[in-house]
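Asker: Protein chains in written order, with the working numbering: chain A, 168 to 572; chain B, 168 to 572.
1) Do residue 204(A) and residue 343(A) have their C-beta atoms within less than 8 Å of each other?
2) Taking C-beta pairs closer than 8 Å, name the residues in chain A that residue 565(B) reaches, listed in chain order.
3) How would you label residue 576(A), buried or exposed, when you count the other beta carbons within 10 angstroms and need 16 or more for buried?
4) Which residue comes first and which comes last in the beta strand (DSSP E) that contains residue 260(A)?
5) Within 10 Å of its beta-carbon, does residue 353(B) have 16 or more other beta-carbons around it, so buried, or fewer, so exposed?
6) Which one of 550(B), 544(B) and 445(B) has the shortest CA to CA distance from residue 529(B)?
7) So, does the CB of residue 237(A) fall closer than 8 Å to a CB anywhere in chain B?
8) Where does residue 287(A) land, buried or exposed, given buried means 16+ other C-beta within 10 angstroms?
9) Could you check whether the Cβ of residue 250(A) sits closer than 8 Å to any Cβ belonging to chain B?
10) Do you know how far the Cα of residue 187(B) is from the Cα of residue 295(A)?
11) I need the DSSP call for residue 482(A), collapsed to helix, strand or coil.
12) Where do the ends of the beta strand (DSSP E) carrying residue 538(B) lie?
13) Residue 177(A) CB to nearest chain B CB: under 8 Å?
14) Which residue from 213(A), 247(A) and 240(A) puts its Cα closest to that of residue 261(A)?
15) Just to confirm my understanding: we take residue 270(A), look at its own chain, exclude 5 residues before and 5 after, and list those with CB closer than 8 Å. What are they?
16) I'd like the ranges of any alpha helix (DSSP H) spanning at least 4 consecutive residues and lying wholly in the stretch 386-414 of chain A.
17) Nearest chain B C-beta to residue 440(A) closer than 8 Å, yes or no?
18) Could you tell me whether the stretch 293-310 of chain A touches the stretch 228-238 of chain A, where touching means 3 or more Cβ pairs closer than 8 Å?
19) Return the Cβ separation of residue 314(B) and residue 207(B) in integer angstroms, given the expectation that the two are a contact with Cβ distance under 8 Å.
20) If I measure Cβ to Cβ from residue 155(B) and keep anything under 6 Å in the same chain, skipping five residues before and after, which residues do I get?
21) Relative to the C-alpha of residue 284(A), which candidate in 235(A), 323(A) and 454(A) has its C-alpha closest?
22) Closer than 8 Å, Cβ to Cβ, to anything on chain B: give me those residues from the stretch 492-519 of chain A, in chain order.
23) Measure the beta-carbon distance from residue 409(A) to residue 461(A) and round it to whole angstroms, keeping in mind my assumption that it falls under 8 Å.
24) Which residues, in order along the stretch 196-221 of chain B, keep a beta-carbon less than 9 Å from a beta-carbon of chain A?
25) Would you verify that the beta carbon of residue 305(A) is, or is not, closer than 8 Å to some beta carbon of chain B?
26) Quick one, which of 538(A), 539(A) and 543(A) has its alpha-carbon nearest residue 531(A)'s?
27) In chain A, which residues lie less than 8 Å from residue 532(B) when you measure between Cβ atoms?
28) Please compile the residues from chain B whose C-beta is within a distance smaller than 7 Å of the C-beta of residue 326(A).
29) Strictly by DSSP, which residues pair up with residue 519(B)?
30) Going by other Cβ atoms of all chains shown within 10 Å of its Cβ, with 16 needed for buried, is residue 626(B) buried or exposed?
31) Could you tell me which chain B residues have their CB closer than 8 Å to the CB of residue 271(A), listed as they occur along the chain?
32) If you follow the alpha helix (DSSP H) that residue 429(A) is part of, which residue opens it and which one closes it?
33) Pick helix, strand or coil for residue 491(B), following the three-state DSSP scheme.
34) Tell whether a beta-carbon distance below 8 Å holds between residue 540(A) and residue 309(B).
35) Kindly indicate if chain B contains any beta-carbon less than 8 Å away from that of residue 468(A).
36) Report the CB separation of residue 369(B) from residue 358(B) in whole angstroms; it is logged as a contact under 8 Å.
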């Protein structure tokens with residue numbers, strides 16, 4: 168078994184076992200935040216025709232080649248085209264068509280002048296400057312040309328993609344199913360949220376935090392509940408998760424103690440352990456295993472240790488499972504805003520948030536960095552890396568950091 | 168009526184008329200993304216007791232004051248405390264208690280040594296170095312101390328806040344109701360997404376894009392549909408929106424043309440117009456009005472013009488309505504990644520995305536900046552501002568920018 172491996176090694180071991188979920192077709196109105204399972208190609212132009220950007224007159228640009236303030240050209244208005252109508256007449260030399268915002272440019276016309284820049288007298292309009300061909304004409308396909316890809320497979324559907332699909336008449340959207348994630352908390356010390364505290368006991372918070380993070384990235388979490396520190400019970404609960412979901416995440420029971428039973432439980436149900444422990448702080452004690460082509464990711468029971476590894480390993484794995492093309496956390500360089508006073512014999516990830524000041528990216532720590540501290544995940548959108556063997560880091564140090572979500 | 172006012176003036180006129188929505192109490196499992204309507208105060212410590220961070224032995228630090236590699240101190244192990252149990256015995260001089268990760272520190276003990284750092288012989292444990300009082304003890308309240316505020320009123324509930332509430336046994340969460348936003352698209356040229364294109368017509372995309380953006384910030388959008396360019400019909404549709412929702416957003420019909428009817432429609436139902444047109448590009452033609460203490464925000468029919476103003480004015484207004492404390496878009500300074508070749512006689516907002524490279528924040532334009540271009544909203548998370556009267560902007564120019572969402 169792989170033991171004490173690097174984060175990157177753990178990631179490859181997990182990614183090798185990733186089986187993306189199946190597909191479905193859903194209504195456009197349900198597509199926000201879902202992952203596209205096919206490229207979306209425009210079968211029409213947006214806009215579908217050349218149109219006017221404002222209310223004015225359409226005419227032939229060459230008619231105005233000699234127009235000036237003192238010597239306007241005067242054209243005859245032969246028709247009025249509101250938006251939603253189509254011009255009946257062609258525009259020939261000496262003629263113009265009154266046109267409203269969004270209306271199609273009439274045949275023969277190749278320029279538009281704003282209503283406010285003209286002088287109108289009955290059915291005659293005066294133009295006081297010369298225009299170039301195409302001036303003030305929004306060409307067909309300005310936004311999206313026919314056959315262009317508006318969104319690739321693996322992209323998350325955002326509001327403007329919804330808008331583009333609506334404009335193209337795409338009311339049914341091909342997406343990946345949401346991966347179902349079974350969540351288990353192990354430990355004899357755990358109470359559920361509705362139970363009063365008893366001596367030596369704490370309430371289960373990890374299941375709820377993990378479920379919420381899963382929901383944020385478009386997965387479908389199922390909280391299976393808590394289970395005590397007995398190998399058979401934990402094994403049975405994990406097997407139930409494998410039966411019901413696309414992946415199992417557990418917390419607790421993965422360090423070296425006598426009562427740390429998840430490793431044994433995973434073996435007892437015949438799962439193959441991929442690794443145990445990775446070389447990071449916080450979160451070193453964690454393991455991954457595979458059974459039935461599904462991954463079991465077992466994290467520490469300490470909230471911050473569990474959640475930091477969930478962000479570094481679990482989120483990208485779930486995104487890959489969910490069909491995201493960009494499933495890896497983006498990496499940036501930041502400057503540390505305040506001193507970090509501890510040495511880092513082991514590779515360390517600090518919880519913080521991105522602050523941009525005067526065009527520079529800073530990382531501000533969001534609170535205590537202990538294994539058990541959940542609170543510093545509030546507002547945390549950055550995990551900054553301190554390499555193994557580092558001295559304390561003064562403010563202003565440059566660090567690599569992963570952007571969360 | 169206020170006409171051609173600044174973005175900031177428009178914002179104050181809107182904010183003055185903002186009536187936050189009412190409150191409700193919901194289950195913790197439904198609270199993700201909702202806005203807290205009360206401060207959340209811890210009524211307990213997290214963790215509730217001092218505990219061990221790992222598997223080891225708890226003892227009195229002073230017993231080890233002279234311990235060294237060559238001269239270990241040997242303590243008698245009197246009890247074993249797994250997580251979830253409470254120690255029965257007090258630890259006196261010369262004694263130790265075997266303790267597992269997360270278990271309460273026994274009375275009398277004030278330090279913990281890792282299992283791996285000891286030598287064990289029957290019920291005797293050898294310790295080879297001296298410890299300070301409190302060493303390797305996680306104090307009660309390390310994460311959250313009793314009476315601390317874990318999240319203020321007006322904050323959006325994120326996954327770690329869900330976790331903290333779970334840890335504190337808070338299963339019912341006080342939140343603001345989701346504001347209901349009625350969305351209307353006006354224009355004789357509009358088809359619905361399921362209709363085939365006809366000459367001169369385009370499909371309604373704005374309603375779908377706006378609904379999706381509303382959903383992203385936690386509002387509850389209701390698409391009322393499209394309505395042609397007739398004052399009575401538009402007025403009736405806006406009134407229906409006021410009856411059903413907390414705010415109405417419409418697109419189209421707000422410029423100067425003969426067929427631009429929303430201004431008249433708003434007056435015809437007795438709403439008070441707050442302003443018409445603001446000094447920005449894109450999106451100058453827009454108006455806001457109030458009736459029944461509810462705001463009507465009427466945007467351009469051009470997608471980008473509508474959506475840029477929605478981001479600059481609508482989003483912060485809806486967030487304020489929804490009870491957010493941080494309802495204003497954060498402002499940062501960025502450097503322009505590429506040239507922007509146009510002069511800006513009017514104050515202009517460019518669509519782009521934040522790119523952090525070597526610790527510097529850049530803005531990369533996301534595509535064409537025309538009024539009708541929806542596509543450059545894809546991936547756009549930044550609106551950078553070019554002041555009125557500016558020349559073309561070379562790459563590297565410093566700009567103020569609003570971060571979206």
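Beta carbons are placed, not taken as given, at the ideal position from N, Cα and C, and that holds for glycine. Nothing here was measured: the structure is a model prediction, and the numbers come from that model.
Answerer: Well, looking at it:
1) By one-based count along the first chain, residue 204(A) stands at place 37. By one-based count along the first chain, residue 343(A) stands at place 176. Yes.
2) Stepping through the second chain from its first residue, residue 565(B) is reached at position 398. What residue 565(B) touches in chain A: 526.
3) The shown model of chain A, from 168 to 572, leaves out residue 576(A), and the question about it has no answer.
4) Here the question's residue 260(A) lines up with position 93 in the first chain. Run containing residue 260(A): none; DSSP gives neither H nor E here.
5) Locating residue 353(B) in the second chain gives position 186, counting from the first residue. So residue 353(B) ends up on the buried side.
6) Looking up residue 529(B) in the second chain gives position 362. Closest by alpha carbon: 550(B).
7) To locate residue 237(A), count along the first chain from 1; it is residue 70. Chain B, which has no Cβ nearer than 8 Å to the Cβ of residue 237(A), makes this no.
8) In the first chain, counting from the first residue as 1, residue 287(A) sits at position 120. Exposed, by the Cβ-count rule.
9) Translated into the one-based positions of the first chain, residue 250(A) becomes position 83. Yes, contact with chain B.
10) As a working note, residue 295(A) is residue 128 in the first chain. As a working note, residue 187(B) is residue 20 in the second chain. Roughly 52 Å between the two C-alpha positions.
11) Start at 1 with the first residue of the first chain, and residue 482(A) comes out as number 315. If DSSP states are grouped into helix, strand and coil, residue 482(A) belongs with the helices.
12) Taking the first residue of the second chain as 1, we reach residue 538(B) at position 371. Per DSSP, residue 538(B) belongs to no beta strand (DSSP E) and is neither H nor E.
13) Taking the first chain and counting its residues from 1, one reaches residue 177(A) at position 10. No, residue 177(A) does not count as interfacial toward chain B.
14) Counting from one through the first chain, the residue named residue 261(A) turns up at place 94. Of the listed residues, the one whose Cα sits closest to residue 261(A) is 240(A).
15) If you number the first chain from 1, residue 270(A) lands on position 103. Closer than 8 Å at the Cβ level, and outside the excluded window around residue 270(A), lie 218, 219, 248, 249, 250, 251, 252 and 254.
16) 398-411
17) By one-based count along the first chain, residue 440(A) stands at place 273. No, residue 440(A) does not count as interfacial toward chain B.
18) yes
19) If you number the second chain from 1, residue 314(B) lands on position 147. If you number the second chain from 1, residue 207(B) lands on position 40. With 8 Å as the limit, residue 314(B) and residue 207(B) do not qualify as a contact, their Cβ atoms being about 12 Å apart.
20) One cannot answer for residue 155(B) here, as it falls past the ends of chain B, which runs 168 to 572.
21) The count along the first chain starts at 1 and reaches residue 284(A) at position 117. The shortest C-alpha separation from residue 284(A) is found at 235(A).
22) 499, 500, 501 and 502
23) By 1-based counting over the first chain, the position of residue 409(A) is 242. By 1-based counting over the first chain, the position of residue 461(A) is 294. Correct: roughly 5 Å between the Cβ atoms.
24) 196, 198, 199, 200, 211, 213, 214, 215, 216, 218, 220 and 221
25) For the purposes of this step, residue 305(A) is taken as residue 138 along the first chain, with counting starting at 1. For residue 305(A), the answer is yes, since a Cβ of chain B falls inside 8 Å of its Cβ.
26) For the purposes of this step, residue 531(A) is identified with residue 364 of the first chain, where counting begins at 1. Of the candidates 538(A), 539(A) and 543(A), the one whose C-alpha sits nearest the C-alpha of residue 531(A) is 543(A).
27) Mapped onto the second chain, residue 532(B) falls at position 365. Ordered by position in chain A, no residue passes the 8 Å Cβ test against residue 532(B), which lies about 15 Å from the chain.
28) Numbered from its first residue, the first chain carries residue 326(A) at position 159. The answer, in chain order, is 376, 379, 380 and 383.
29) The residue labelled residue 519(B) in the question sits at position 352 within the second chain. DSSP, once it has assigned bridges, lists 532(B) and 549(B) as partnering residue 519(B).
30) Since the first residue shown for chain B is 168 and the last is 572, residue 626(B) is missing from the structure and cannot be characterised.
31) Indexing the first chain from 1 puts residue 271(A) at position 104. 366 and 367, listed in chain order.
32) Your numbering for residue 429(A) matches position 262 in the first chain. Where residue 429(A) is concerned, the enclosing alpha helix (DSSP H) stretches over 429-435.
33) Here residue 491(B) corresponds to residue number 324 of the second chain, with the count starting at 1. It is coil, neither helix nor strand.
34) Within the first chain, numbered from 1, the residue matching residue 540(A) stands at position 373. Within the second chain, numbered from 1, the residue matching residue 309(B) stands at position 142. Taking 8 Å as the Cβ cut-off, residue 540(A) and residue 309(B) qualify as a contacting pair.
35) Reading the first chain from its first residue, position 301 is the one you call residue 468(A). So yes, residue 468(A) belongs to the interface.
36) One-based indexing of the second chain puts residue 369(B) at position 202. One-based indexing of the second chain puts residue 358(B) at position 191. So it is a contact: roughly 7 Å between Cβ atoms.
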